[in-house]
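The sequence shown begins at 1 in full-length UniProt numbering and counts up one residue at a time.
Think of the CB as a built atom: it goes at the ideal place given N, C-alpha and C, for glycine as much as any other residue.
Data first, discussion second: the structure below is written as structure tokens.
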Amino acid sequence: MNGKQVLRRGAVVGFGFFALMGCGGPDAAIQEPELGNVEQGVVVSTNGSFENNNIGNFNYVVLNAGSTALPGWTITSGIKVMKNTYKTAQSGIQSIDLNGLGAGSLYQDVPTVVGGGYTVSFYVSNSPTCTTVSRSATLNYGPSTASFSNSSGTWSTFPRTYVFNATSTVSRIELISTSGGVGCGLAIDNLTVTGP
């Protein structure tokens, strides 16, 4: 064994000893994160990509008030469920147009914890026959309300995001088209409500 080999082996042994020192011994304290300080991000909404229940075979289907064809959602005024053959979905193969034959609306009641912080997020585009005109809607989320609009036929790069603190054990998430008198409105997809 020459001097170079001894030096290399000594360096490897020394490095191994140094690495083991950083691992801690039997007295090293194990600290687990406090769950109250960690963002949980639990999804409390259902069917936010409008995929549950494959509706129709081609282009789109208008669902009128009272329809139960879109599980998890209550339709209060006509909307369209659009297939990829008509409008490429942001997620999956179906998205919705908030205008069926006119201004439409739908809602979902989600379980919440009073005082808990929740985030509503979704992607927005315009329906195919109104890609360059402004369309608008209102979002009711828990105790809050927001208006939003869009004038592009491509899906937003980032989701629209809204936050609220729940004031009851059930919070309503409602989308209402404010573009009346037209059969083409805002397209919505990939809606999620997350909370603690």
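In this structure, Ser49 lies near Asn190, with their beta-carbon atoms less than 8 Å apart.
When C-alpha distances from Gly115 are compared across Ser105, Gly142, Ser136, the shortest belongs to Gly142.
Residue nearest to Ala187 within the set Ser136, Arg172, Phe158, Ser147 is Ser136 (criterion: CA-CA distance).
Counting the other Cβ atoms within 10 Å of the Cβ of Ala103 gives 16 or more, which makes it buried.
The three-state secondary structure of Pro128, taken from DSSP, is helix.
Contact check for Val163 and Tyr118: beta-carbon distance about 7 Å, within the 8 Å limit, so the pair qualifies.
With a contact defined as Cβ atoms closer than 8 Å, Val61 and Thr112 miss out at about 31 Å. DSSP places Val44 in the coil class of the three-state scheme, outside both helix and strand. DSSP, read as helix, strand or coil, puts Pro111 in strand.
DSSP, read as helix, strand or coil, puts Ser147 in strand.
In the displayed model, Tyr86 falls within coil according to three-state DSSP, outside both helix and strand. Approximately 5 Å separates the beta-carbon atoms of Thr194 and Gly41; this is inside 8 Å, confirming the contact.
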